[in-house]
Amino acid sequence: MTDSGSSADPSPPGRVAAFFDLDKTVIAKSSTLAFSRPFFQGGLINRRGVLKSAYAQFVFAASGADADQVERMREHLTSLCAGWDVEQVRSIVEETLHDIVDPLVYAEAAELIAEHQANGHEVVVISASGEEIVAPIAEMIGATHSVGTRMVSAEGRYTGEIDFYCYGDNKAAAIRDLAERHGYDLAASHAYSDSSTDLPMLQAVGHPSVVNPDRGLRKIATERGWPILTFSKPVSLRSRFHAPSGTTVAVTAIGLSAAAAAAGAAWYGYRRRRR
């Protein structure tokens, strides 16, 4: 599911793709913050980390994350995950993925994805969350490809380094790379996001739309005449899509969900400093 960047045979040109951001576009919460409690239960973060993540989730739901907050999240992530055992993280994600994510998908997003698929469009999930979270969720909703942030591991443990940060201009670069390798006509393709930090992603296609937009993105969408969509009805993924087997999830879901605590700590600290 996750696009690894390997040299695959190029697809015939002219395909149409629909690129979806994940958080607050397909699902109602931050996909990384949602995993703070199971990581606490697995001993990877402490109680304070859970509380910080809960606070950050409130901030996320209320106003979203701006570029400064996301950068702080990235910096904190590199130090938090260093030394974590990849197999332990894989096991936690496999055991909790469905219970956590299933109830969060927007009904409107599910319907829109089904509409694109009925029209023969390929669906791609592209998110700053870890590819270990993004790929299984993308598979559950029937996406053709997915791209997420990639962490570096060595000898079975995370080094604390980021190989590819799927954010801002990097999202647009990933979209162009997918288009080149899979024959997508970007002028005919679609993109959906809630955040002004995803402006490069939206500008990379001919048909951008905004979903539950933050204030900055709403202003841009209004000025440019982009469609503004409101998604507000989370439903269970199981009620709409066929979930993958546990084995499939085990193979694809390895470790960056730990960004939950990283995001929480970063946003919590940032808000406290602003007070």
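Here the sequence shown stands for residues 120 to 394, where the numbers follow the numbering used here.
Where is the CB? At the ideal position from N, CA and C, for every residue including glycine.
Residue i in three-state terms, based on DSSP
i, result
"E274", "coil"
"T268", "strand"
"V235", "One point to set straight first is that residue 235 is His, not Val, in the sequence displayed. It is helical."
"F158", "helix"
"D333", "coil"
"S397", "Since the first and last residues shown for the chain are 120 and 394, residue 397 lies out of range."
"I347", "strand"
"A247", "strand"
Residue i and residue j closer than 9 angstroms at C-beta
i, j, result
"I260", "V224", "yes"
"G239", "V135", "yes"
"Y286", "A247", "yes"
"T349", "A228", "no"
"T263", "E241", "yes"
"S149", "D142", "yes"
"V243", "A137", "yes"
Residues near residue i by beta carbon distance below 6 angstroms, same chain, minus five either side
i, result
"A226", "K352 and V354"
"G133", "D304"
"A310", "F138, M320, L321, V324 and P327"
Beta-ladder partner(s) of residue i, from DSSP
i, result
"E241", "A136"
"T311", "The sequence given here has Tyr at residue 311, not Thr. Looking at the DSSP assignment, Y311 forms a beta bridge with F139 and S328."
"P353", "Y225"
"Y303", "R134"
"I281", "M270"
Contact set for residue i: own chain, Cβ-Cβ below 7 angstroms, skip 5 residues either direction
i, result
"K290", "I245, D317, P319 and M320"
"G335", "S315"
"P332", "D313, A340 and I347"
"Q236", "V242 and G261"
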